[in-house]
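Each remark here refers to the structure printed beneath this line.
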Amino acid sequence: MGIVVFGGGAWGRALAFAFGHRTPTKIVSRQDLSAALLPLNKSLVLKGHGLITQCSLKEGLEASLGVVAISVQHLRAWFEQAHLPPKMPVLMACKGIEIGGKFVSQIAQEFIAPENLCYLAGPSFAHDVSASLPCALALHASNPNLAQTYAKAFPSFMRAYVQEDIIGGEIAGAYKNVIAIAAGVCDGLELGQSAKASLLSRGLVEMCRFGTHFGGKAQTFLGLSGAGDLFLSANSTLSRNYRVGLGLAKHQPLEEILNALGEVAEGVKTTQAIVQIAQREQIYTPIATELQALLEGKNPLASMDALLKR
37 MGIVVFGGGA
47 WGRALAFAFG
57 HRTPTKIVSR
67 QDLSAALLPL
77 NKSLVLKGHG
87 LITQCSLKEG
97 LEASLGVVAI
107 SVQHLRAWFE
117 QAHLPPKMPV
127 LMACKGIEIG
137 GKFVSQIAQE
147 FIAPENLCYL
157 AGPSFAHDVS
167 ASLPCALALH
177 ASNPNLAQTY
187 AKAFPSFMRA
197 YVQEDIIGGE
207 IAGAYKNVIA
217 IAAGVCDGLE
227 LGQSAKASLL
237 SRGLVEMCRF
247 GTHFGGKAQT
257 FLGLSGAGDL
267 FLSANSTLSR
277 NYRVGLGLAK
287 HQPLEEILNA
297 LGEVAEGVKT
307 TQAIVQIAQR
317 EQIYTPIATE
327 LQALLEGKNP
337 LASMDALLKR
(Lines of atoms letter the chains of each structure in order from A and count residues from 1; the text may use other names and numbers.)
(Lines give C-alpha, C1' and ligand atoms only; values in the text may rest on other atoms or scores of the structure.)
Protein backbone atom coordinates (compact mmCIF):
# COMPACT_ATOMS: atom_id res chain seq x y z
CA MET A 1 0.00 0.00 0.00
CA GLY A 2 1.29 3.45 -0.90
CA ILE A 3 -0.21 6.01 1.49
CA VAL A 4 -2.29 5.71 4.65
CA VAL A 5 -4.18 8.64 6.17
CA PHE A 6 -4.65 8.37 9.92
CA GLY A 7 -7.87 10.22 10.77
CA GLY A 8 -11.30 9.72 9.25
CA GLY A 9 -12.66 13.25 9.71
CA ALA A 10 -13.52 15.62 6.86
CA TRP A 11 -9.91 16.71 6.36
CA GLY A 12 -8.52 13.18 6.52
CA ARG A 13 -11.07 11.99 3.96
CA ALA A 14 -10.30 14.93 1.68
CA LEU A 15 -6.56 14.19 1.81
CA ALA A 16 -7.19 10.51 1.09
CA PHE A 17 -9.24 11.57 -1.93
CA ALA A 18 -6.43 13.84 -3.13
CA PHE A 19 -3.56 11.40 -2.70
CA GLY A 20 -5.70 8.62 -4.20
CA HIS A 21 -5.42 10.25 -7.62
CA ARG A 22 -1.81 9.08 -7.95
CA THR A 23 -1.15 6.55 -5.21
CA PRO A 24 -3.14 3.70 -3.63
CA THR A 25 -4.48 5.32 -0.43
CA LYS A 26 -6.43 4.06 2.59
CA ILE A 27 -7.74 5.55 5.83
CA VAL A 28 -7.41 4.44 9.45
CA SER A 29 -10.01 6.05 11.72
CA ARG A 30 -8.90 7.46 15.07
CA GLN A 31 -12.11 6.26 16.73
CA ASP A 32 -11.16 2.62 16.21
CA LEU A 33 -7.48 1.81 15.99
CA SER A 34 -8.01 -1.90 15.36
CA ALA A 35 -10.59 -1.74 12.56
CA ALA A 36 -11.84 1.40 10.86
CA LEU A 37 -15.56 0.96 10.25
CA LEU A 38 -16.91 4.47 9.66
CA PRO A 39 -18.64 4.97 6.29
CA LEU A 40 -17.03 7.41 3.90
CA ASN A 41 -18.64 10.34 2.16
CA LYS A 42 -19.73 9.60 -1.43
CA SER A 43 -17.78 12.67 -2.58
CA LEU A 44 -14.64 10.58 -2.14
CA VAL A 45 -15.47 8.34 -5.08
CA LEU A 46 -12.75 8.79 -7.69
CA LYS A 47 -13.77 8.61 -11.33
CA GLY A 48 -12.38 5.37 -12.68
CA HIS A 49 -10.65 4.53 -9.39
CA GLY A 50 -13.47 3.47 -7.05
CA LEU A 51 -13.90 4.38 -3.39
CA ILE A 52 -11.13 5.29 -1.00
CA THR A 53 -11.34 2.47 1.54
CA GLN A 54 -10.59 2.16 5.23
CA CYS A 55 -8.28 -0.40 6.77
CA SER A 56 -7.06 -1.65 10.12
CA LEU A 57 -4.17 -0.04 11.93
CA LYS A 58 -2.06 -3.14 11.33
CA GLU A 59 -2.50 -2.80 7.58
CA GLY A 60 -1.97 0.94 7.73
CA LEU A 61 1.42 0.54 9.39
CA GLU A 62 2.64 -1.27 6.27
CA ALA A 63 2.19 1.82 4.08
CA SER A 64 5.18 3.53 2.49
CA LEU A 65 4.01 7.02 3.54
CA GLY A 66 1.83 8.12 6.45
CA VAL A 67 -0.38 11.19 6.82
CA VAL A 68 -1.68 12.18 10.28
CA ALA A 69 -4.92 14.19 10.34
CA ILE A 70 -5.79 13.85 14.02
CA SER A 71 -7.17 16.60 16.27
CA VAL A 72 -4.21 18.16 18.10
CA GLN A 73 -5.72 17.72 21.57
CA HIS A 74 -5.97 13.95 20.88
CA LEU A 75 -2.65 13.69 19.05
CA ARG A 76 -0.39 12.58 21.90
CA ALA A 77 -2.80 9.87 23.10
CA TRP A 78 -3.18 8.66 19.52
CA PHE A 79 0.58 8.33 19.02
CA GLU A 80 0.85 6.42 22.29
CA GLN A 81 -1.80 3.95 21.11
CA ALA A 82 -0.86 3.67 17.45
CA HIS A 83 2.84 2.78 17.92
CA LEU A 84 3.95 4.00 14.49
CA PRO A 85 7.40 2.77 13.43
CA PRO A 86 9.89 5.52 14.43
CA LYS A 87 11.34 5.53 10.90
CA MET A 88 7.98 5.73 9.11
CA PRO A 89 7.75 8.89 6.94
CA VAL A 90 4.86 10.98 8.29
CA LEU A 91 3.16 14.13 7.01
CA MET A 92 1.54 16.00 9.90
CA ALA A 93 -1.70 17.50 8.57
CA CYS A 94 -3.16 18.91 11.79
CA LYS A 95 -3.09 22.53 12.95
CA GLY A 96 -3.20 23.60 16.58
CA ILE A 97 -1.31 23.78 19.87
CA GLU A 98 -1.75 21.32 22.71
CA ILE A 99 -3.16 22.59 26.00
CA GLY A 100 -0.07 22.96 28.15
CA GLY A 101 1.92 24.61 25.37
CA LYS A 102 3.35 21.83 23.20
CA PHE A 103 3.56 22.43 19.45
CA VAL A 104 2.66 19.69 16.96
CA SER A 105 6.31 19.23 16.01
CA GLN A 106 7.29 18.75 19.65
CA ILE A 107 4.63 16.07 20.12
CA ALA A 108 5.43 14.28 16.86
CA GLN A 109 9.18 14.22 17.50
CA GLU A 110 8.60 12.29 20.72
CA PHE A 111 7.46 9.37 18.56
CA ILE A 112 8.96 9.86 15.07
CA ALA A 113 12.52 10.79 14.06
CA PRO A 114 12.66 14.49 13.03
CA GLU A 115 14.10 13.69 9.60
CA ASN A 116 11.06 11.52 8.88
CA LEU A 117 8.54 14.28 9.61
CA CYS A 118 6.94 16.82 7.30
CA TYR A 119 4.29 19.45 8.14
CA LEU A 120 1.41 20.58 5.93
CA ALA A 121 0.34 24.23 5.97
CA GLY A 122 -1.51 26.71 3.79
CA PRO A 123 -5.08 27.57 2.71
CA SER A 124 -7.15 24.46 1.99
CA PHE A 125 -10.74 23.60 2.86
CA ALA A 126 -11.71 19.92 2.89
CA HIS A 127 -14.75 20.85 0.80
CA ASP A 128 -12.60 22.38 -1.96
CA VAL A 129 -10.06 19.55 -1.99
CA SER A 130 -12.84 16.93 -2.19
CA ALA A 131 -14.25 18.82 -5.19
CA SER A 132 -10.82 18.82 -6.95
CA LEU A 133 -10.66 22.63 -6.82
CA PRO A 134 -7.18 24.16 -7.16
CA CYS A 135 -5.14 25.28 -4.17
CA ALA A 136 -1.53 25.91 -3.15
CA LEU A 137 0.05 24.52 0.01
CA ALA A 138 3.33 24.60 1.89
CA LEU A 139 5.29 21.58 3.11
CA HIS A 140 7.67 22.43 5.95
CA ALA A 141 10.43 19.95 6.73
CA SER A 142 14.06 19.68 7.81
CA ASN A 143 14.44 16.94 5.19
CA PRO A 144 13.80 18.52 1.75
CA ASN A 145 13.91 15.14 -0.01
CA LEU A 146 11.04 13.86 2.13
CA ALA A 147 9.07 17.05 1.50
CA GLN A 148 9.58 16.61 -2.25
CA THR A 149 8.34 13.04 -2.01
CA TYR A 150 5.06 14.22 -0.49
CA ALA A 151 4.85 17.17 -2.88
CA LYS A 152 4.98 14.80 -5.86
CA ALA A 153 2.23 12.65 -4.32
CA PHE A 154 -0.32 15.47 -4.46
CA PRO A 155 -2.67 15.59 -7.49
CA SER A 156 -2.25 18.19 -10.21
CA PHE A 157 -4.87 20.54 -8.73
CA MET A 158 -2.81 20.91 -5.51
CA ARG A 159 0.50 22.76 -5.79
CA ALA A 160 2.85 22.14 -2.84
CA TYR A 161 5.81 24.44 -2.09
CA VAL A 162 8.69 23.00 -0.04
CA GLN A 163 9.94 25.17 2.84
CA GLU A 164 12.16 24.67 5.88
CA ASP A 165 10.51 26.88 8.52
CA ILE A 166 8.77 24.17 10.57
CA ILE A 167 8.00 26.21 13.69
CA GLY A 168 6.84 29.23 11.68
CA GLY A 169 4.58 27.13 9.48
CA GLU A 170 2.90 25.28 12.33
CA ILE A 171 2.41 28.38 14.51
CA ALA A 172 0.88 30.20 11.54
CA GLY A 173 -1.49 27.30 10.93
CA ALA A 174 -2.50 27.19 14.58
CA TYR A 175 -2.80 30.93 15.20
CA LYS A 176 -4.94 31.62 12.12
CA ASN A 177 -7.69 29.52 13.73
CA VAL A 178 -7.71 31.89 16.69
CA ILE A 179 -7.98 34.99 14.50
CA ALA A 180 -10.67 33.23 12.43
CA ILE A 181 -12.87 32.93 15.53
CA ALA A 182 -12.38 36.63 16.24
CA ALA A 183 -13.26 37.39 12.60
CA GLY A 184 -16.49 35.45 12.99
CA VAL A 185 -17.34 37.52 16.05
CA CYS A 186 -16.61 40.71 14.12
CA ASP A 187 -18.89 39.71 11.25
CA GLY A 188 -21.55 38.34 13.58
CA LEU A 189 -21.70 41.70 15.37
CA GLU A 190 -21.93 43.44 11.97
CA LEU A 191 -19.06 45.78 12.78
CA GLY A 192 -18.28 46.38 9.12
CA GLN A 193 -15.52 45.64 6.63
CA SER A 194 -13.19 48.35 7.97
CA ALA A 195 -13.19 46.75 11.40
CA LYS A 196 -12.69 43.32 9.83
CA ALA A 197 -9.68 44.53 7.84
CA SER A 198 -8.18 46.09 10.96
CA LEU A 199 -8.71 42.89 12.93
CA LEU A 200 -7.12 40.65 10.32
CA SER A 201 -4.11 42.91 9.74
CA ARG A 202 -3.45 43.26 13.47
CA GLY A 203 -4.05 39.53 13.86
CA LEU A 204 -1.39 38.85 11.26
CA VAL A 205 1.03 41.08 13.16
CA GLU A 206 0.18 39.29 16.41
CA MET A 207 0.75 35.80 15.02
CA CYS A 208 4.03 36.93 13.47
CA ARG A 209 5.17 38.39 16.81
CA PHE A 210 4.31 35.14 18.56
CA GLY A 211 5.93 32.95 15.90
CA THR A 212 9.17 34.87 15.54
CA HIS A 213 9.60 34.65 19.31
CA PHE A 214 10.12 30.91 18.80
CA GLY A 215 12.37 31.26 15.77
CA GLY A 216 9.82 31.37 12.97
CA LYS A 217 10.63 33.51 9.93
CA ALA A 218 8.55 36.64 9.33
CA GLN A 219 8.35 35.73 5.63
CA THR A 220 6.47 32.54 6.53
CA PHE A 221 3.63 34.54 8.09
CA LEU A 222 3.28 36.64 4.94
CA GLY A 223 2.96 33.61 2.68
CA LEU A 224 0.63 30.66 2.19
CA SER A 225 1.11 29.25 5.70
CA GLY A 226 0.21 32.53 7.40
CA ALA A 227 -1.66 35.22 5.48
CA GLY A 228 -3.02 32.77 2.91
CA ASP A 229 -4.53 30.42 5.48
CA LEU A 230 -5.73 33.32 7.63
CA PHE A 231 -7.61 35.05 4.81
CA LEU A 232 -9.31 31.77 3.89
CA SER A 233 -10.33 30.73 7.41
CA ALA A 234 -11.48 34.19 8.50
CA ASN A 235 -13.84 34.81 5.60
CA SER A 236 -15.97 31.73 5.02
CA THR A 237 -18.63 29.71 6.78
CA LEU A 238 -16.77 26.64 5.53
CA SER A 239 -14.36 27.44 8.37
CA ARG A 240 -15.47 25.80 11.61
CA ASN A 241 -13.53 28.37 13.65
CA TYR A 242 -15.21 31.25 11.82
CA ARG A 243 -18.61 29.68 12.60
CA VAL A 244 -17.66 29.49 16.28
CA GLY A 245 -17.17 33.26 16.20
CA LEU A 246 -20.53 33.81 14.51
CA GLY A 247 -22.20 31.79 17.24
CA LEU A 248 -20.43 33.68 20.02
CA ALA A 249 -21.58 36.97 18.51
CA LYS A 250 -25.17 35.70 18.85
CA HIS A 251 -24.55 34.89 22.53
CA GLN A 252 -24.88 31.16 21.94
CA PRO A 253 -23.26 28.97 24.63
CA LEU A 254 -19.88 27.65 23.50
CA GLU A 255 -20.84 24.04 24.20
CA GLU A 256 -23.94 24.40 22.05
CA ILE A 257 -21.89 25.88 19.19
CA LEU A 258 -19.32 23.08 19.29
CA ASN A 259 -21.99 20.37 19.41
CA ALA A 260 -23.68 21.84 16.35
CA LEU A 261 -20.43 21.85 14.36
CA GLY A 262 -20.03 18.07 14.43
CA GLU A 263 -16.27 18.48 13.84
CA VAL A 264 -13.46 19.88 15.99
CA ALA A 265 -12.79 23.64 15.91
CA GLU A 266 -9.07 23.65 16.79
CA GLY A 267 -9.01 27.38 17.50
CA VAL A 268 -10.94 27.05 20.77
CA LYS A 269 -8.32 25.00 22.61
CA THR A 270 -5.47 26.65 20.70
CA THR A 271 -6.56 30.05 22.04
CA GLN A 272 -6.20 28.74 25.58
CA ALA A 273 -2.80 27.23 24.78
CA ILE A 274 -1.52 30.45 23.19
CA VAL A 275 -2.59 32.54 26.18
CA GLN A 276 -0.81 30.08 28.50
CA ILE A 277 2.38 30.31 26.44
CA ALA A 278 2.13 34.10 26.07
CA GLN A 279 1.86 34.57 29.82
CA ARG A 280 4.81 32.27 30.43
CA GLU A 281 6.99 33.83 27.71
CA GLN A 282 5.73 37.41 28.21
CA ILE A 283 4.55 37.79 24.59
CA TYR A 284 2.04 40.52 23.78
CA THR A 285 -1.08 38.78 22.35
CA PRO A 286 -4.05 41.16 22.83
CA ILE A 287 -6.43 39.47 20.36
CA ALA A 288 -5.84 35.95 21.66
CA THR A 289 -6.08 37.15 25.26
CA GLU A 290 -9.34 38.99 24.66
CA LEU A 291 -10.75 36.06 22.70
CA GLN A 292 -10.00 33.71 25.58
CA ALA A 293 -11.99 35.98 27.88
CA LEU A 294 -14.85 35.92 25.36
CA LEU A 295 -14.73 32.11 25.20
CA GLU A 296 -15.00 32.11 28.98
CA GLY A 297 -18.19 34.15 28.85
CA LYS A 298 -17.27 37.81 28.35
CA ASN A 299 -19.72 39.90 26.33
CA PRO A 300 -18.60 40.04 22.64
CA LEU A 301 -19.19 43.80 22.33
CA ALA A 302 -17.20 44.40 25.51
CA SER A 303 -14.34 42.37 24.04
CA MET A 304 -14.30 44.35 20.82
CA ASP A 305 -14.49 47.59 22.78
CA ALA A 306 -11.52 46.50 24.92
CA LEU A 307 -9.45 45.79 21.80
CA LEU A 308 -10.21 49.25 20.40
CA LYS A 309 -9.25 50.94 23.66
CA ARG A 310 -6.04 49.01 24.34
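According to our numbering, the residues represented by the sequence shown are 37 to 346, in order.
C-beta: ideal position from N, C-alpha, C; glycine also.
None of these values were measured; they are calculated from a predicted model.
Can you tell me whether residue i is helix, strand or coil according to DSSP?
| i | result |
| --- | --- |
| residue 215 | helix |
| residue 222 | helix |
| residue 124 | coil |
| residue 334 | coil |
| residue 90 | strand |
| residue 268 | helix |
| residue 130 | coil |
| residue 63 | strand |
| residue 278 | helix |
| residue 101 | strand |
| residue 231 | helix |
| residue 167 | coil |
| residue 301 | coil |
| residue 246 | helix |
| residue 310 | helix |
| residue 39 | strand |
| residue 119 | coil |
Using the Cβ count rule (16 or more neighbours within 10 Å means buried), how would you classify residue i?
| i | result |
| --- | --- |
| residue 273 | exposed |
| residue 167 | exposed |
| residue 203 | buried |
| residue 278 | buried |
| residue 218 | buried |
| residue 111 | buried |
| residue 169 | exposed |
| residue 320 | exposed |
| residue 297 | exposed |
| residue 308 | buried |
| residue 93 | buried |
| residue 303 | buried |
| residue 75 | With a pLDDT of 44 at residue 75, under the threshold of 50, the modelled position of that residue is not reliable, and no figure is offered here. |
| residue 275 | buried |
| residue 113 | exposed |
When you compare each of the options to residue i by their alpha carbons, which one comes out closest?
| i | options | result |
| --- | --- | --- |
| residue 162 | 265, 335 and 345 | 265 |
| residue 241 | 251, 228, 262 and 227 | 262 |
| residue 270 | 172, 234, 249 and 322 | 234 |
| residue 63 | 38, 46 and 89 | 89 |
| residue 193 | 51, 337, 41 and 43 | 51 |
| residue 119 | 131, 164 and 95 | 95 |
| residue 56 | 114, 145 and 186 | 186 |
| residue 44 | 290, 105 and 300 | 105 |
| residue 20 | 298, 301 and 281 | A question about residue 20 goes unanswered here, because the residues of the chain that appear run from 37 up to 346. |
| residue 256 | 200, 300 and 239 | 200 |
| residue 108 | 98, 139 and 93 | 139 |
| residue 176 | 164, 293 and 209 | 209 |
| residue 133 | 122, 126 and 214 | 214 |
| residue 205 | 195, 155 and 229 | 155 |
| residue 244 | 232, 42 and 258 | 258 |
| residue 179 | 216, 113, 125 and 228 | 125 |
| residue 131 | 147, 207 and 102 | 207 |
| residue 246 | 318, 236 and 294 | 318 |
If I measure Cβ to Cβ from residue i and keep anything under 8 Å in the same chain, skipping five residues before and after, which residues do I get?
| i | result |
| --- | --- |
| residue 325 | 311 and 314 |
| residue 339 | 221, 326, 327, 329 and 330 |
| residue 316 | 137 |
| residue 260 | 157, 158, 159, 172, 173, 174 and 197 |
| residue 336 | 221, 224, 225, 284, 285, 287 and 330 |
| residue 145 | 153 |
Given residue i, which residues of its chain have a CB within under 7 Å of its CB, disregarding the five upstream and five downstream residues?
| i | result |
| --- | --- |
| residue 59 | 38, 39 and 189 |
| residue 123 | 149 and 152 |
| residue 184 | 198 |
Cutting at 6 Å between CB atoms, please list the residues of its own chain near residue i, excluding the five before and the five after it.
| i | result |
| --- | --- |
| residue 100 | 38 |
| residue 212 | 265, 266 and 269 |
| residue 165 | 50 and 54 |
Sorry if obvious, but does the Cβ on residue i come closer than 7 Å to a heavy atom of the ligand GTP?
| i | result |
| --- | --- |
| residue 259 | With respect to the ligand GTP, the structure offers nothing, as it holds no ligand at all. |
(message) So within the region 174-216, which uninterrupted alpha helix (DSSP H) runs reach at least 4 residues, ignoring any that extend past its ends?
(response) 180-189
(message) To test your reading of the DSSP string, which unbroken alpha helix (DSSP H) runs of 4 or more residues are found completely within the region 135-164?
(response) Look at the region 135-164 and you find these whole runs of alpha helix (DSSP H), each 4 residues long or longer: 140-144.
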